[in-house]
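Since the structure comes first, as C-alpha cells, the remarks are kept for the end.
Number of protein chains: 4
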Amino acid sequence: MAGKTTRIQREKREVILDAALQVFSENGFRGATLDQIAGLAGLSKPNMLYYFGGKEEIYCTLLNRLLETWLEPLKQIRADGDPHKQIMGYICAKLEFSRSYPRESRLFANEILNGAPRMLGELKGPLKALVDEKAAVLQGWMDEGKLAQVDPRHLLFAIWATTQHYADFAVQMDAVLGDSDPDPIKTGSVFLEALFFKGLDPR
Amino acid sequence: MAGKTTRIQREKREVILDAALQVFSENGFRGATLDQIAGLAGLSKPNMLYYFGGKEEIYCTLLNRLLETWLEPLKQIRADGDPHKQIMGYICAKLEFSRSYPRESRLFANEILNGAPRMLGELKGPLKALVDEKAAVLQGWMDEGKLAQVDPRHLLFAIWATTQHYADFAVQMDAVLGDSDPDPIKTGSVFLEALFFKGLDPR
Amino acid sequence: MAGKTTRIQREKREVILDAALQVFSENGFRGATLDQIAGLAGLSKPNMLYYFGGKEEIYCTLLNRLLETWLEPLKQIRADGDPHKQIMGYICAKLEFSRSYPRESRLFANEILNGAPRMLGELKGPLKALVDEKAAVLQGWMDEGKLAQVDPRHLLFAIWATTQHYADFAVQMDAVLGDSDPDPIKTGSVFLEALFFKGLDPR
Amino acid sequence: MAGKTTRIQREKREVILDAALQVFSENGFRGATLDQIAGLAGLSKPNMLYYFGGKEEIYCTLLNRLLETWLEPLKQIRADGDPHKQIMGYICAKLEFSRSYPRESRLFANEILNGAPRMLGELKGPLKALVDEKAAVLQGWMDEGKLAQVDPRHLLFAIWATTQHYADFAVQMDAVLGDSDPDPIKTGSVFLEALFFKGLDPR
DNA sequence: AATGAATGAGTGTTCATTCAT
DNA sequence: GATGAATGAACACTCATTCAT
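Protein chains in written order, with my numbering: chain A, 552 to 754; chain B, 552 to 754; chain C, 552 to 754; chain D, 552 to 754.
This is the structure in C-alpha cells:
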C-alpha cells in the first residue's frame, strides 16, 4: 500500500522535476517562476508545493541529482587503461551527455555562470578531489611518455568546455550552421577526437 | 550647448552601462533589478530611466555593443597570413578578452544559454556570415596542406568554447584549482597553444 | 455500538480541543493554524476536520466551554456568607484558575482584546446578568456596613484584572521578577489578600 | 527643502502608523494584514511599503515607540515625594493612558499575551531595571512605616493590571455595565484610589 | 536633469477547506 | 474513520514603470 502511494508521489515528483529542469535551464533560478513550472507540469502551484517545499528545494534537488551523474564519466578514467582510449572515451561520454541531457548541462552552466551560489561547496569539495585524483593519473601517463606534457587540469577544462559547448551553446551553433549539418554533435565528435588525439600525442 | 550636454549624457550612460554589465552578467536578465543597477551607478532609478527607456533597452544596448567587439578578433584572421600564427593570435586575443572582459563574456553566455531571445537575429545574420567567410579561409589553408583537415566551423567552436571557458566558468576553475595556480589564463594559454598547434598540424 | 463509538469520538474531540487550546492561546485565532493543532493532536488535518466542522467551530467550542467554568467561581459568592471570606475565597479561586488554566485565561483575554467578536452576546447576556446579581449582593454588604462603600462592579473588575494578570501577563512577570520569586502566584495571593482585605475594610 | 520633503514623509509615516496601531491592536501581529492597514491609511500596499520595509518593521516601530511612553509614568515616581501622592499619581497617570491610548495598551497586551516574541529583551532589560529601582523606593517607604508592608513588585503588577484593564477589557466592561456608567474610567479612578489608599495604609 | 512618490502586475508561499479513496 | 491529494483565496513582498514636481 505504502509502495503504491509512494509510486504516485514519485511519479508526480518526477513530472515536476522534469518541468522544473526545462524552465530552470532556460531561465536560470531567478528567471524561472513557479507558475511556469506548475503549468508545464500540469499542476496547480499549491499542489506542486505539496510535493516540494519551495522553489529553492526544487532547484537544489535538480542540482544534487545532476552532480552525481556529472561526475560519473570522469570517475571511469582508470590509470591502468590505455591513455588515448580513456581520454577519447571520456570525450565521447561527455558528448553523449550533451546530446542526451542538454537541459542538465545548461542548468549546470547557468549555476556556474551566476557564481555557483548553491554549488560552490560541491565544487570545492568532491569535484576538486576528483579532479586532483584524475589529474594525477594524467600526469602519470605524461611522465611515462604516453601523453604529451601538458597541464592535466587545463586539459580537463578544455574537454569540459568543448563538449559542454554542444549543449550550452547549441542555439548559437544552430544559428551559425544553419541547416548544413544535420548532426553537429557527430561532426563535433570527429573533430574533437582528432584534435585531442593529435594534440596529446607524445611525439 | 547641445554638445556639452551630450558629453555629460554620454558619461552618465557609460556609468549606467558599466553598472548594468556588472549586474546583468552576475544575475542574468530576469535576475537583475533596476534597483541594483541604479544603486551601483549611483543614480536614482527614475533618473536612470531618463537616460534609458527601460530595462530591456539597457540590456540590448549592452548586447549590441558586445557583439561588435565580440566579432572583432575573428575578423582579424587574414587569408594571406601564416595559418598557425593567425590561429594562435586568435586564441590569444580571445583569451585576453576573457581576462579583460569576463563580465561581457558571461553576459553573452547567459544570453545564449537562455536561448538568445534578444540576439538570435545577430547570430543567424552577421555572425553566421563572418563564420562562413572565415571557415572558407580555414578550409583554404587545409586544402593547401597547411593545416590538418578538420571541420573549420567546429574548430572555431572549440576555440570559442575553450577560451570563453576561462571567463564563464572561472568560479569552477578557482574552486578546482584552489590557490595552486596564480594565473590560470596564462597556464591555459600555454596549454591551448600546444593543443591547437599540435592538433592542427597537417602532418 | 453508538455508545462505544461516541466514547472514542469524545476522546478524540478532547485531544483536539486540548491541542487547539494550546495553539489558540499562544497565537490567537488568526495566528493559529490547523496544521499546528492537528500536528499537536497527532491527527491528520482532514481527519481532524471529520470531528469538527472547521477552525471556527473548534475555537467556538473552546470558548463556550470556557465560559461555563469562567463564571463558576463568581456564582459561588453567597449573600449569606461572610463578606470578607467570600471575597477572599473568590480571589483565591480566580488565582487558582490562573495557576491551573493559564491557557484558558489567555484564550479568553485574546478574545476580549480582539473585540470579543465571538463572545459579545455571552458577555452582554449571561455575564452581565450574573454580575448584576452579585453586584447587588456586594452592595447589600456595603449597605449593612460590612464592607467599604465602593462601586461593586469595579471591585469585580479589579479582582478579575489582578488575578487574571498572573496568567495573561506571566511572561512579563517572569521577565521582571527574574529568578527571585519561585512562586509568583503564591506571593501574589498574599499581596492581593492583604490589599483587598484592608482596602475593603468598612472602617 | 529637505525639511519639507521630510515633513511629508513623516506625515505619511504617521498616517500609516496610526492605521497600523488600529489594526494590530485589534487583530494582533499575525491577524493583521497589510491590506487592512493600507486601506485604512488610504494608501496602496506597495506605496505603504515604500515608507516601511515590511510588516515587521511597522509593528516594531509601534512597539518601540510604545515602550518609551509606557515606562514614562513609572519613572516619575520619586523617592523624596509623598508615598500616597506618588502612588495615586501613578495610578491616575496609568488610567489616563488607558483612556487616551487604549489601542496602545491593547497592542502591548497582545504582544505579551502571545509570549512577547518581539519585546522580551526590553522586558528583561530596561523594564526590569526600572521596576527594580522603583521597587526599592517603595520598599524604602514601607521600611519607614509610610506604607503597608507588601511585596512592592506585586503592588506594581496590581496597579498595571487594574489600570490597563480599563483599556484592554473595555469591551467586556461595556458589555457588563450596559449604559449605566457614562464614564467607567472616572468611576474606576475613584474606586482604585480608595482601594489602594486604604489597602496601602500602614496602620 | 533629477527625485520622491506611486502603482499594477506579478512572485513565492500559506492556509482552510474539499475531494477521492 | 482516516488519509493523500488538490485547490482557491490570501498574504507579504518585489519590481519595472510612470507621474508630479
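The C-beta atom is built at its ideal place from N, Cα and C for all residues, glycine as well. Since this is a predicted model, take the numbers as computed values, not measurements.
At a cut-off of 8 Å between beta carbons, F648/A makes no contact with chain B. In this structure, the straight-line span from the alpha carbon of I663/A to that of N578/B is close to 11 Å.
Here R650/D is buried, its C-beta having at least 16 other C-beta atoms within 10 Å. No Cβ of chain B is located within less than 8 Å of the beta carbon of L698/A.
In this structure, S656/D sits near A718/D, with a CB-CB distance shorter than 8 Å.
Secondary structure of V741/C (DSSP, three-state): helix. In the assembly as shown, T557/C is an exposed residue. Its beta-carbon has fewer than 16 other beta-carbons within 10 Å.
The beta-carbon of Q723/C is placed less than 8 Å from the nearest beta-carbon of chain D. Note on geometry: alpha-carbon atoms of K737/C and T714/C lie some 11 Å from one another. S740/B is classed as buried because its beta carbon has at least 16 other beta carbons within 10 Å across all chains shown.
By a beta-carbon distance limit of 8 Å, A699/D does not contact V701/C. Their separation comes to about 18 Å. Taken in chain order, the complete alpha helix (DSSP H) segments of 4 or more residues contained in the stretch 565-638 of chain B are 585-592, 596-602, 606-626. E647/C sits in a helix when the DSSP states are folded into three classes.
The alpha helix (DSSP H) runs lying completely inside the stretch 693-721 of chain B and spanning 4 residues or more are 703-719, given in chain order. The closest CA to that of L613/D, considering only P753/D, R669/D, F742/D, is found on R669/D.
Here R704/C is buried. Its C-beta has 16 or more other C-beta atoms within 10 Å.
Closer than 9 Å at the C-beta level to chain A, one finds these residues of the stretch 568-581 of chain B: S576, E577, N578, G579, F580, R581. When CB distances to chain C are screened at a threshold of 7 Å, the residues of the stretch 665-688 of chain D falling below it are N665, G666, A667, L671, L674, K675, L678, K679, V682, in chain order. For D702/A, the chain B residues whose Cβ falls inside 7 Å of its Cβ are T738, F742, in order along the chain. At a C-beta separation below 9 Å, I663/D has these neighbours in chain C: D719, F720, A721, V722, Q723. Interface with chain C (8 Å Cβ-Cβ cutoff): T620/D is excluded. Under the criterion of beta carbons closer than 8 Å, P677/A and L625/A do not qualify as touching, at roughly 11 Å.
In this structure, the straight-line span from the alpha carbon of F659/B to that of F603/C is close to 59 Å.
V727/B and L674/A do touch by the CB rule: their CB atoms are close to 7 Å apart, below 8 Å. Against chain A, the beta carbon of H716/B has neighbours under 9 Å at F708, A709, W711, A712, T713, Q715, H716, listed in chain order. With the criterion set as a beta carbon lying under 8 Å from some beta carbon of chain B, the stretch 586-616 of chain A has no members that meet it. Not flagged as an interface residue toward chain D: H635/C, since no C-beta distance is shorter than 8 Å.
With a threshold of 8 Å between beta carbons, R654/C makes no contact with chain D. Considering only F742/A, G729/A, L689/A, L568/A, the residue with the shortest C-alpha distance to D633/A is L689/A. At least one beta carbon of chain A lies nearer than 8 Å to the beta carbon of G750/B. According to the DSSP assignment, A660/D belongs to the alpha helix (DSSP H) that extends over 653-664. Taking all protein chains in view, the Cβ of S731/A is surrounded by fewer than 16 other Cβ atoms within 10 Å, so the residue is classified as exposed.
Distance from the Cα of K645/D is smallest, within the candidate group I567/D, A709/D, L572/D, V722/D, for A709/D. Leaving aside the five residues that flank I588/A on each side, the residues in its chain whose CB is nearer than 6 Å to its CB run, in chain order, A570, A571, V574. With a contact defined as Cβ atoms closer than 8 Å, A667/A and Q723/B qualify at about 7 Å.
Excluding five sequence positions before and after G691/B, the CB atoms of its chain that fall closer than 7 Å to its own CB belong to A630, given in chain order.
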